[in-house]
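Trainee: Protein chains in written order, with the numbering used here: chain E, -17 to 314; chain D, 92 to 382.
Backbone N, C-alpha and C define an ideal beta-carbon position, used for all residues, glycine too.
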């Protein structure tokens, strides 16, 4: 018994000691593929904060599916800040009272420090001549997307196609749903997630077109080589946001409000914005956007707020059980 | 006062108390919590959720594929177990260890590997697809993944039982004039059948709950290749915890019913076997039939 308690206290001491090395620690709960962005961003902020205040700060990252992450935070994961890829996930935390109700106003640009856009990835030479959304619904074209109901990536694709269909002459909700019906018929499968869709398209060579984030296209180039595919920008697509927020309840309890606020503010600094650009995410900073213009060609985008009246509303109309997606498959 | 019976391990009271607490904490508490959560919905509502067109299709796919996978393993797993117990061959230990791999491998890894193998350009898929057999991204792919995941359950359940059947029993049957087929059907099979059922039931139960490997090979098309665990995740994506719990409870009830009936069947066959005769007598009878 004595031995056990001794080793236990040694373990505890060890834990305390390792935590004490830094003056403050922050936990950033983030979405799955944000690893690279924040892996590069965290040292930048640590350096900046040390120079500014003399305080050394320890930054921890927790990554997972966006929705899973916010549920963990709601269930008590003590994250000081959340950096997500879907607004409705942060809305959920706002509903639970963990995040300020007006969280989108707490930071510039709708609280999204950088953006991306949904683009098409086609095989080298674009053998099927895919240019725009209507080409995806053409008979004989195979479309690779993640599950539109269960993944953020899939939902963005669905909403992009819907918004495009609305903008066509005579377009309305009914014609948009019919168009989506045709497009989804061309999907031989719904991938489990964004990266799974990429593997299916690039490695298993299934399908004629993959729809994914512009930022993901660069990852594909790194992994599979630039000559293997082409990026096609459709005539209209979604500007995807990556909203951030301070978790009020946690920072009040831990006394880390100043640091958490500074950590997110710094995302809008030149350094933070440049880091985003280097990770192929479109910076909000106009100058930097120009500097990296080769990497970010102009594209006509819409936001979910403009076309669908907010992320929550879009979700409820299209992806809840019985929503427009379900109606395409289930008559009842 | 009757004399106290001495056991090897002391403290029946303590051990029983421990067992009850342990099982309650590990199994009863989470399951109870789940049922409690689901009871926030009315019975009618639960049924409503579970009988939607998509939910019904998913139940069919989940239970159908699980049954097929367990059945395939009952047959081929029996052969594997038999070979591993009865025949010495080089590399036997290695093969024996291979059987456990599906236990150890993270299921997502298994799913991705199988999808890569069976996709149209995969090692296996490129030969199957010209024959019109599509595995990856079809319900057949689900069966393949579940068969892989559940193989060890049948083999590991059967091995000790087969080890217990002495070769002398087979020899006795043979010396009494039973044919090979008679020896198998009348002597060996009745002895291993209860274990085979257990292995089948374990494999089936494991398959029903499997998520990680299946979603990577299933294709996940609504009404065609969506499994119930995927629908549960889908509900959680919508922050619909209650709906997810409702589906889970129905799934649990169905699994319990199926496992219970397998257990009853097993108990019945074991009893029949016990009341009937020991193996030696069966051997004699088997030969008697030809005499």
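1. Assign residue 216 of chain D to one of three DSSP states: helix, strand, or coil.
2. Cβ closer than 9 Å: which chain A residues qualify as neighbours of residue 284 of chain D?
3. Relative to the C-alpha of residue 277 of chain E, which residue among E/263, E/289 and E/269 is closest?
4. Residue range of the alpha helix (DSSP H) that residue 300 of chain E falls in?
5. Residue 13 of chain E lies in the beta strand (DSSP E); which residues open and close that run?
6. Would you kindly work out how many angstroms separate the C-alpha atoms of residue 70 of chain E and residue 288 of chain E, rounded to a whole number?
7. If I measure Cβ to Cβ from residue 216 of chain E and keep anything under 6 Å in the same chain, skipping five residues before and after, which residues do I get?
8. Could you tell me the alpha carbon to alpha carbon distance between residue 54 of chain E and residue 132 of chain E, rounded to whole angstroms?
9. My parser needs the beta strand (DSSP E) runs of 3 or more residues fully inside the region 43 to 118 of chain E; what are they?
10. Which residues in the same chain as residue 196 of chain E place their Cβ atom closer than 6 Å to its Cβ, once the five residues preceding and following it in sequence are excluded?
11. If you follow the beta strand (DSSP E) that residue 221 of chain E is in, where does it begin and where does it stop?
12. One question on the structure: do residue 157 of chain D and residue 298 of chain D come within less than 8 Å of each other, judged by their Cβ atoms?
13. In chain order, what residues of the same chain lie with their CB nearer than 7 Å to the CB of residue 285 of chain D, ignoring the 5 residues before and after it?
14. Looking at the structure shown, is residue 278 of chain E part of a helix, part of a strand, or coil, going by DSSP?
15. So which residues of chain E does residue 201 of chain D contact, with C-beta pairs closer than 7 Å?
16. Between which two residues does the alpha helix (DSSP H) harbouring residue 19 of chain E extend?
17. Taking the beta strand (DSSP E) that residue 285 of chain E belongs to, which residues open and close that run?
18. Can you list the residues of chain E that residue 239 of chain D reaches, using a CB-CB cut of under 8 Å?
19. Could you check how far apart the C-beta atoms of residue 283 of chain E and residue 219 of chain E are, in whole angstroms? I think they sit under 8 Å.
20. Strictly below 9 Å CB to CB, what residues from chain D border residue 67 of chain E?
21. Within 10 Å of its beta-carbon, does residue 51 of chain E have 16 or more other beta-carbons around it, so buried, or fewer, so exposed?
22. With a Cβ-Cβ cutoff of 8 Å, do residue 137 of chain E and residue 301 of chain E count as a contact?
23. Does the distance from the CB of residue 145 of chain D to the CB of residue 317 of chain D come in under 8 Å?
24. Among the residues of its own chain, which have a CB less than 7 Å from the CB of residue 204 of chain E, if the five just before and after it don't count?
25. Tell me residue 227 of chain E's beta-bridge partners as DSSP assigns them.
26. Can you find the residues in the same chain that come closer than 8 Å, C-beta to C-beta, to residue 338 of chain D, ignoring five residues on each side of it along the sequence?
27. Give me the DSSP bridge partner(s) of residue 41 of chain E.
28. Excluding the five sequence neighbours on either side, which residues of its own chain have a C-beta within less than 7 Å of the C-beta of residue 313 of chain D, listed in chain order?
29. With a 10 Å radius around its C-beta and 16 neighbouring C-beta atoms as the bar for buried, classify residue 0 of chain E as buried or exposed.
30. What are the partner residues of residue 177 of chain E, as DSSP defines its beta bridges?
31. Report the three-state DSSP secondary structure of residue 410 of chain D (helix, strand or coil).
32. Please list, in chain order, the residues of the region 42 to 55 of chain E that have any C-beta partner in chain D closer than 7 Å.
33. Going by DSSP in three states, residue -1 of chain E sits in which element: helix, strand or coil?
34. In terms of residues, what are the limits of the beta strand (DSSP E) holding residue 195 of chain E?
35. Using a Cβ-Cβ cutoff of less than 8 Å, which residues in the same chain neighbour residue 124 of chain E once the five nearest sequence positions on both sides are dropped?
36. In chain order, what are the residue ranges of uninterrupted alpha helix (DSSP H) at least 4 long that sit wholly in the region 108 to 171 of chain D?
Mentor: Reading it off the structure:
1. DSSP, read as helix, strand or coil, puts residue 216 of chain D in helix.
2. The question asks about chain A, but that chain is absent: this structure's protein chains are E and D.
3. Closest option to residue 277 of chain E, judged by alpha-carbon separation, among E/263, E/289 and E/269: E/263.
4. 293 to 300 is the extent of the alpha helix (DSSP H) around residue 300 of chain E.
5. It spans 6 to 13 - the beta strand (DSSP E) in which residue 13 of chain E sits, taken as one unbroken run.
6. Residue 70 of chain E and residue 288 of chain E: Cα-Cα distance of roughly 15 Å.
7. The answer, listed in chain order, is 114 and 115.
8. Residue 54 of chain E and residue 132 of chain E: Cα-Cα distance of roughly 17 Å.
9. When DSSP assignments are scanned along the region 43 to 118 of chain E, the uninterrupted stretches of beta strand (DSSP E) that are 3 or more residues long and fall wholly within it turn out to be 63 to 65 and 96 to 105.
10. Within the same chain, 98, 99 and 101 come within 6 Å of residue 196 of chain E by CB-CB distance, once the 5 residues on both sides are set aside.
11. Where residue 221 of chain E is concerned, the enclosing beta strand (DSSP E) starts and stops at 219 to 223.
12. Yes. Within cutoff.
13. Excluding residues up to 5 positions away in sequence, 357, 360 and 361 lie with their Cβ nearer than 7 Å to the Cβ of residue 285 of chain D in the same chain.
14. In this structure, DSSP gives residue 278 of chain E a state outside helix and strand, which the three-state scheme calls coil.
15. In chain order: nothing, as chain E lies at least about 13 Å away.
16. Segment 17 to 35, the alpha helix (DSSP H) holding residue 19 of chain E.
17. Counting along the chain, residue 285 of chain E falls outside any beta strand (DSSP E), and DSSP gives it neither H nor E.
18. What residue 239 of chain D touches in chain E: nothing, since even the nearest Cβ is about 17 Å away.
19. That belief holds up - the Cβ atoms of residue 283 of chain E and residue 219 of chain E are roughly 6 Å apart, short of 8 Å.
20. Neighbours of residue 67 of chain E on chain D: none; closest Cβ ~13 Å, over 9 Å.
21. Buried: at least 16 other Cβ atoms inside 10 Å.
22. Cβ distance < 8 Å, so residue 137 of chain E and residue 301 of chain E count as in contact.
23. At the C-beta level, residue 145 of chain D and residue 317 of chain D come within 8 Å of one another.
24. The beta carbon of residue 204 of chain E is closer than 7 Å to none in its chain, skipping five residues each way along the sequence.
25. Under DSSP, residue 227 of chain E forms a beta bridge with E/64.
26. The residues are 140, 141, 146, 319, 322, 323 and 326.
27. Looking at the DSSP output, residue 41 of chain E shares a beta bridge with E/8.
28. Excluding residues within five positions, the ones whose Cβ falls inside 7 Å are 145.
29. Summary for residue 0 of chain E: the model assigns pLDDT 47, below 50, so the residue's position carries little reliability, and this model does not support an answer.
30. Bridge partners of residue 177 of chain E: none, in fact.
31. Missing from the structure shown is residue 410 of chain D; chain D here goes from 92 to 382 and no further.
32. Of all residues in the region 42 to 55 of chain E, 49 have a Cβ within less than 7 Å of some Cβ in chain D.
33. With a pLDDT of 45 at residue -1 of chain E, under the threshold of 50, the predicted position of this residue should be treated as unreliable, and no value is reported.
34. In the DSSP assignment, residue 195 of chain E falls within the unbroken beta strand (DSSP E) covering 191 to 195.
35. The answer, listed in chain order, is 168, 169, 170, 188, 189, 190 and 191.
36. The DSSP assignment places complete alpha helix (DSSP H) segments of no fewer than 4 residues inside the region 108 to 171 of chain D at 120 to 129 and 134 to 141, in order along the chain.
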